[in-house]
Structures are given as structure tokens and as C-alpha cells.
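Heads up, the sequence shown is in the working numbering, so the first residue is 12 and it goes up one at a time. Beta carbons: idealized from backbone N, C-alpha and C, even for Gly. Keep in mind that this is a model prediction, so the values were computed, not measured.
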Amino acid sequence: MVAFRINRTNDAVFKAVFAKHPQITISLINAFFEFQGTELIEDIEFIDREMDADEYEGKESRLDILGRTASGTKVNIEMQVNALAAMGERSVYYWARNYADLKRGEEYDQLNRTVAINILGFSLFDANKYPDMHSCFGIYDVQTSCQLTDKLEIHFLELPKFKGRSVREMNRMEKWAAYFSPSTPDEELAEIAASEEAIKEAMEVEDVFTKDEVAKRSYEKAEKFRRDQAAQLTFARREERVKAVTMLKKLKISKDLAITQIIENYALSNEEATALVNSCW
């Protein structure tokens with residue numbers, strides 16, 4: 012076990028474990044394919060590509076891994092911890108960029124199945140309406156549910172919705188969710204590692220990672236960047252809500268109605284909305 016509780020959603024750790032160890036990555040991908048009942052993969056080739064300018068300059072906390080299986084299926088795995096606006100549209104955008112790679116003279120039926128796997132450190136969907144931690148999207152007819160094509164597959168794994176249970180009862184996806192979740196006790200992680208070889212290997216890679224001074228510095232830098240980004244997002248959301256309350260006040264509506272509007276528009280609790288309105292009224 013590592014000497015301290017490592018953040019497995021940290022960009023540097025994620026890259027060290029998954030971008031350099033195909034067998035570990037294959038196990039993670041198969042956890043999603045197995046759950047969907049689709050064909051499991053046995054190998055993967057990591058695809059090198061030029062990074063986008065905003066990613067390269069560190070303006071966006073986005074780390075992803077793109078690979079191609081022997082059958083041609085492309086799989087993109089992205090770790091995203093801080094909540095982002097329009098995450099669904101964003102995922103479709105990146106999926107489309109990976110999918111649209113026809114070369115001159117090729118036909119549309121030569122496009123490969125492209126799968127996006129998004130591991131999220133926040134809840135994307137309302138937990139009251141959509142309590143499951145895993146969701147998978149495709150293109151279907153809204154009336155008949157007829158699938159237009161099986162080339163599109165976008166997964167979301169919402170870590171805050173992970174609910175621990177006996178390791179013996181966990182499927183592979185739940186074990187990976189437990190691996191990433193910061194709330195999983197060390198003794199339970201040890202039991203999971205004993206039952207899932209790829210997770211055991213991932214933890215062994217972490218052990219080596221934490222003993223490398225250069226790697227530790229990259230870890231600390233990534234942690235600082237993530238904290239700074241989270242603070243900026245929190246400040247931006249606060250400013251947006253304050254502006255909304257100020258506008259409601261100018262409209263001369265009642266304070267109670269303003270609180271109701273803030274609750275509905277920003278998904279705050281009654282206590283949070285009341286405190287916000289009182290501070291700006």
C-alpha cells in the first residue's frame with residue numbers, strides 16, 4: 012500500500028496508471044463493455060495525437076486517453092473531477108472529433124464504432140431522478156427506441172453516486188468505482204485488489220509512482236491546479252448567483268419568491284438559497 016492516501020483522479024496518477032499500462036486500461040474498458048453486454052476487448056493500441064492548444068497550456072483540467080482495439084473500435088477515456096457546464100454536449104463534441112476520421116476515398120460504412128467513457132467526480136444528473144452511477148447513451152428513435160447506429164456510445168460514471176457494498180457482491184464496474192472513490196476504506200481496497208488483478212496492478216504502479224520524486228512533484232502540481240480551478244469555478248458560480256438575486260430584487264418581487272427562483276434555477280437547498288438572498292437583499 013502507498014504511504015499516503017493518493018488521489019486516483021489526479022491527472023498525473025491517471026496518466027501514470029492508464030496511459031502506460033494497456034492491460035490495466037483494458038480491464039477498465041471491459042468493465043463498461045461487460046456491463047452493456049457488448050464484446051470485450053483483448054488488446055488496445057494507444058493513439059498519439061497533438062494536444063489542443065487550450066489543453067496544452069493547462070487552461071482546462073482535461074486528461075484523456077484514446078485507444079484503438081484490434082477490431083477498429085476507438086475508445087476515449089476521460090477523467091473530469093470539477094463540474095463543468097454542458098458536460099453532455101462537451102462529451103458529444105469530443106466523441107464526434109474522434110469519430111469523424113474518414114480519409115479520402117473511404118465510405119461512411121468504414122467509420123468505426125467510437126466509445127467515450129467519462130469518469131466524473133461530480134453528479135451530472137439529478138440523483139433523485141437518476142440514482143444509478145452509470146449511464147450509457149446512444150442514438151435512438153424517441154418513440155420506438157429503435158437504434159439508428161451502434162457506432163455511438165457515451166458512458167458516464169458518476170463517482171459521488173457510488174454506494175459501497177460487500178466486495179463479493181460487486182461487479183467489475185463497481186470495483187473500479189470503489190478504486191476511484193475517495194470514500195473507499197483502505198482495507199476494502201485491499202480486498203478489491205485481491206479479487207481484481209488489474210486493480211492490484213494499478214495499485215502497484217501507484218506505489219512506484221509515489222516513490223519517484225519527479226512524479227510526486229507532477230502530482231502536487233496537478234493537485235494545486237485542480238484546487239485552483241475548483242476555487243475559480245466556485246467563485247464564478249457565486250458571482251452568477253449574486254447577480255441573479257440582484258436582478259430579482261430590482262424586479263421588486265418578494266424575498267420568498269426570490270428564494271424559490273434561486274432554488275429552482277441553481278438547485279440549492281432552501282437554507283443555501285435563503286442565506287444567499289439574505290446576504291444580497
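- Secondary structure of residue 191 (DSSP, three-state): helix.
- When rounded, the separation of the alpha-carbon atoms in residue 113 and residue 87 is 18 Å.
- Shown here for residue 127: same chain residues with a beta carbon closer than 6 Å to its own, the five before and five after excluded, namely 87, 102, 106, 165 in chain order.
- If you check the CB distance, residue 205 and residue 35 do not come in under 7 Å.
- If you draw a straight line from the Cα of residue 50 to the Cα of residue 244, it comes to about 39 Å.
- Straight through space, the alpha carbons of residue 253 and residue 259 are spaced by roughly 10 Å.
- Sequence-distant partners of residue 19 (beyond 5 residues in either direction) whose C-beta falls short of 6 Å from its own C-beta, in its chain, are 191.
- Taking 4 residues as the shortest admissible run, the stretch 26 to 61 contains the following complete alpha helix (DSSP H) segments, listed from N- to C-terminal end: 33 to 47.
- Around the beta carbon of residue 91, a 10 Å sphere encloses 16 or more other beta carbons of the protein chains shown; the residue is thus reported as buried.
- Taking C-beta atoms as the reference points, residue 149 and residue 163 count as a pair closer than 7 Å.
- The Cβ atoms of residue 292 and residue 263 do not sit closer than 7 Å to each other.
- When DSSP assignments are scanned along the stretch 179 to 242, the uninterrupted stretches of alpha helix (DSSP H) that are 4 or more residues long and fall wholly within it turn out to be 183 to 191, 197 to 206, 208 to 221.
- Residue 109 is not a Cβ neighbour of residue 84, given a cutoff of 7 Å.
- Excluding five sequence positions before and after residue 42, the CB atoms of its chain that fall closer than 7 Å to its own CB belong to 183, 184, 187, given in chain order.
- For the pair residue 77 and residue 55, the CB atoms are not nearer than the 7 Å cut-off.
- The beta-bridge partner set that DSSP reports for residue 150 consists of 160.
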